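Trainee: Numbered per mature numbering (1 follows the signal peptide of the UniProt record, and there is no 0), the sequence shown spans residues -29 to -1, 1 to 522. Every residue gets a Cβ at the ideal spot worked out from N, C-alpha and C, and that includes glycine. Remember, it's a predicted structure, so these values are computed and weren't measured experimentally.
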Amino acid sequence: MTQFFQSFGMVARLLVAVLWITLPFAAAAQDIAEDLRVDEEQSETFKAPVIVDGETLFFLRGSSALPASDRVERVQDAIIEVAEASTSTTVAIVFEDTELGTLILADDVQVTIVTEADAELDQMELDVLSFLHGQAIEEAIIAYRANRTEQARVSGAIEAAGWTFGFIVFVVTILWLHRSIRRRTLKFVKRHLKDVETATAKSVQAEAIAALVRYGLNFVLLIIFFLGFYYYLSFVLLSFAETRYFAQLLLTYLTEPVLVIFQGIISYIPNLIMLVLITWVTMYVIKGMRVFFDAVEAGTFDLGDFEKHWVNPTFNIARVVVIMIALVFAVPYIPGSDSAAFQGLTILVGAMLSLGANSVVSNMLAGLFVIYRRSTSIGDRIQIGEHIGDVVQIKLMETHLKSIKNELISIPNAQLMNSDVVNFSKKTDGSGLLLHTTVGIGYEEPSDKIEAMLIEAANRTKGIKAKPEPFVLWTALADYAINYQINGYSTRGSIIPKIRSDLHRNIVAVFNENNVQIMTPSYIADPPEPKIPAEDWDGHLAHQTEEDLDK
């Protein structure tokens, strides 16, 4: 029950929000309302209905001196006065001709005068219209008296009690359905998702969908409850003569819009059938495309240079195109699609998208280029600026990298398109990647010896291929040293940082073993002793003197 009234509160807040949105249009609507009010006042001045106990008897015409509303009020008061003056089941209606028209008396009380203007309004002869007015007055007085007898009041009370009992049954049924909906949706979720743990994302999604379904059904129940309460109140008021007029007003205010809605729904059935057909054809086409692209991915169909990782994005693009085409065909059958409001809303949405979605569209287009230009694929190790990592996902808006430090890096596709991308996994030929590093060695060291030591360090490094053989390039003749660059081929692009680290380690080890100093960036003079560690990494002497060798 609490959730039921919470739903009522949400509906109330929604109505307040709608009213708040429509406030800016109040000024524009004020002029129209003023014109309608003037027209209504003019209509009430010259024509108005005579209503007794909610029943319309006839219409009377007014004038500028005596508006129709004032004349009708006098006639209604006279009819009620005559009806309340007696409890007789008969009424004496008398017609008298006067200079102004035909005077109608009921039980010797003047009720109204039927004039030539009234006859002209109804396009009848004066005597015929007078007779019809008199007959209507007689029936209204008899009905007024009959509805206020003790028997009528007891019958009205019994009728109101019957409606009250029916409303109680209605409320109990609504509450039972409310509890049943909650229980049955939970059972449905547990029965169809019994193999999924509640901690998984799929279970959370299923619970959310179940809650959304419950909310929708409860909202429908809430509308049914309000309709039931509205009609219950109207029928109870209709059971008593004193409140019958208000009951008829309530029924008129609600029944006419409801009937209009139902008539609109019935008249919309052909368009609804067309929308269903368009939806069914669209789903069938999309399902056929899915079967085709699955066959392409499995290798059943050979599309030449079409790569497998293009299957899903191509299918998604084709699906969007099919859906857009279906929307073009479906829009004319959508309710209100030909209205100015719908067209204005379409223009507003288009303007908002064009003004505020520049970066979004650029990232989407860049995502398509990233997918189809073959420079990057899922699983490749790439470098974008300062970021190095493995491509784990290529989305329409962004690309996700898992860095070598196991960090998730999200890069907008527009940045990916506008940056230089180094791919360590793509093979341009059979040799592999050319891994390289540079060391500076003094001019006094023999170059052949240095090149041999660098090649030895490369041969000791796991991950660097022996064929083609590593080679050395002289990259610069610096102020205090020659810059030697060792180059080695590797096909293991995913562990480049580890290979480069091992290469550096082996270079230092080989140079220490051969008593060769690697120059530091800042150089003043040669030290008395070479800056070489006395021990290697295993704790042994890095080099031995000739005396030690003799011993």
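Using a Cβ distance threshold of 8 Å, determine whether the segment 421 to 437 contacts the segment 469 to 485, with at least three qualifying pairs required.
Mentor: The segment 421 to 437 is in contact with the segment 469 to 485.
Trainee: Would you check if there are 3 or more beta carbon pairs closer than 8 Å linking the segment 37 to 49 to the segment 93 to 102?
Mentor: In this structure the segment 37 to 49 does not lie against the segment 93 to 102, because fewer than three pairs of beta carbons, one per stretch, are closer than 8 Å.
Trainee: At which residues does the beta strand (DSSP E) containing Pro284 begin and terminate?
Mentor: Not the beta strand (DSSP E): Pro284 falls in the alpha helix (DSSP H), residues Val282 to Ala301.
Trainee: For the beta strand (DSSP E) containing Ser374, name the first residue and the last one.
Mentor: Glu369 to Ser374
Trainee: Does the distance from the C-beta atom of Ile76 to that of Val65 stay below 8 Å?
Mentor: According to the sequence as given, residue 76 is Leu; it is not Ile. Going by C-beta atoms, Leu76 is nearer than 8 Å to Val65.
Trainee: Report yes if the CB atom of Val53 is closer than 8 Å to the CB atom of Asp78, and no otherwise.
Mentor: The Cβ-Cβ distance between Val53 and Asp78 falls below 8 Å.
Trainee: I'd like to know whether the C-beta atoms of Leu225 and Tyr201 end up nearer to each other than 8 Å.
Mentor: yes
Trainee: Whole angstroms is fine: what's the gap from Asp265's alpha carbon to Gly350's?
Mentor: 21 Å
Trainee: Can you look up Ala452 in the DSSP assignment and give me helix, strand or coil?
Mentor: coil
Trainee: On the CB-based measure, 16 or more other CB atoms within 10 Å of its CB, does Arg261 come out buried or exposed?
Mentor: Around the Cβ of Arg261, a 10 Å sphere holds fewer than 16 other Cβ atoms; the residue is exposed.
Trainee: Can you tell which of Ala181, Ala182, Thr370 and Thr409 has the C-alpha that lies nearest to the C-alpha of Ala449?
Mentor: For the residues Ala181, Ala182, Thr370 and Thr409, the minimum Cα distance to Ala449 belongs to Thr409.
Trainee: Can you have a look at Ala88 and say buried or exposed, based on whether 16 or more other CB atoms are within 10 angstroms of its CB?
Mentor: Under this definition Ala88 is an exposed residue.
Trainee: Helix, strand or coil for Gly459, going by three-state DSSP, please let me know.
Mentor: strand
Trainee: Report the CB separation of Ala452 from Met490 in whole angstroms; it is logged as a contact under 8 Å.
Mentor: 4 Å
Trainee: Pull up the distance between the alpha-carbon of Ala90 and that of Glu96, whole angstroms please.
Mentor: 6 Å
Trainee: Which two residues bound the contiguous alpha helix (DSSP H) that contains Val393?
Mentor: Premise fails: Val393 lies in the beta strand (DSSP E), Val392 to Asn394, not in any alpha helix (DSSP H).
Trainee: How about the segment 377 to 389 and the segment 421 to 428: do they share at least three Cβ pairs that are nearer than 8 Å?
Mentor: The segment 377 to 389, when compared against the segment 421 to 428, does not touch it at the 8 Å Cβ threshold.
Trainee: Kindly list the residues whose CB is nearer than 6 Å to the CB of Gln456, restricted to its own chain and excluding five residues on each side of it in sequence; keep chain order.
Mentor: His407, Thr409, Leu444 and Thr446
Trainee: Assuming Gln386 is part of the alpha helix (DSSP H), what are its boundary residues?
Mentor: Unbroken alpha helix (DSSP H) run through Gln386: Asn384 to Asn389.
Trainee: May I ask you to report which of helix, strand or coil DSSP gives Phe141?
Mentor: helix
Trainee: Quick one: measure Cβ to Cβ for Ala131 and Ser210, integer angstroms, because I've assumed they're closer than 8 Å.
Mentor: The C-beta distance from Ala131 to Ser210 rounds to 4 Å, short enough to fall under 8 Å.
Trainee: Measuring CB atoms only, is the segment 185 to 194 touching the segment 146 to 159, in the sense that at least three cross pairs come out at less than 8 Å?
Mentor: With the cut-off at 8 Å, the segment 185 to 194 and the segment 146 to 159 touch.
Trainee: Do you know how far the Cα of Lys18 is from the Cα of Pro38?
Mentor: The C-alpha of Pro38 lies about 8 Å from the C-alpha of Lys18.
Trainee: Determine the DSSP secondary structure at Gln13, reduced to helix, strand or coil.
Mentor: Because Gln13 sits at a pLDDT of 44, beneath the cut-off of 50, its placement in the model cannot be relied upon, and the following sentence gives the value as read from the coordinates. Three-state result, Gln13: helix.
Trainee: When the Cα atoms are used, what is the spatial distance from Ser14 to Arg119?
Mentor: Residue confidence is low: Ser14 scores 46 on pLDDT, short of 50, so the model does not pin down where it sits. No coordinate-derived value is stated.
Trainee: Ordered along the chain, which non-local residues of its own chain (more than five positions away) have a Cβ less than 8 Å from that of Trp134?
Mentor: Tyr203, Phe206, Val207 and Ser210
Trainee: Mark Trp281 as exposed unless 16 or more other C-beta atoms lie within 10 angstroms of its C-beta, in which case mark it buried.
Mentor: buried
Trainee: Could you tell me the alpha carbon to alpha carbon distance between Leu474 and Gly259, rounded to whole angstroms?
Mentor: Cα to Cα, Leu474 sits roughly 54 Å from Gly259.
Trainee: Is it true that the CB of Arg352 sits closer than 8 Å to the CB of Ser461?
Mentor: no
Trainee: Would you tell me roughly how many angstroms separate the C-alpha atoms of Pro417 and Gln488, rounded to the nearest one?
Mentor: 12 Å
Trainee: In the structure shown, what three-state DSSP assignment does Met95 receive?
Mentor: coil
Trainee: Ignore the nearest five residues each way along the sequence and tell me which others in His358's own chain have a CB closer than 8 Å to its CB.
Mentor: Leu372, Ser374, Ile380 and Ile382
Trainee: What whole-angstrom Cβ distance do Thr156 and Ala181 have, given they're in contact under 8 Å?
Mentor: 5 Å
Trainee: Do the CB positions of Ala301 and Leu246 come within less than 8 Å of each other?
Mentor: With a cutoff of 8 Å on beta-carbon distance, Ala301 and Leu246 are scored as near each other.
Trainee: Give the C-beta separation of Asn394 and Thr347 to the nearest angstrom, bearing in mind that I take them to be a contact with Cβ-Cβ under 8 Å.
Mentor: The Cβ separation is near 6 Å, so the contact holds.
Trainee: Pick from Asn377, Asn389 and Ile288: whose alpha carbon is nearest that of Asp361?
Mentor: Asn377
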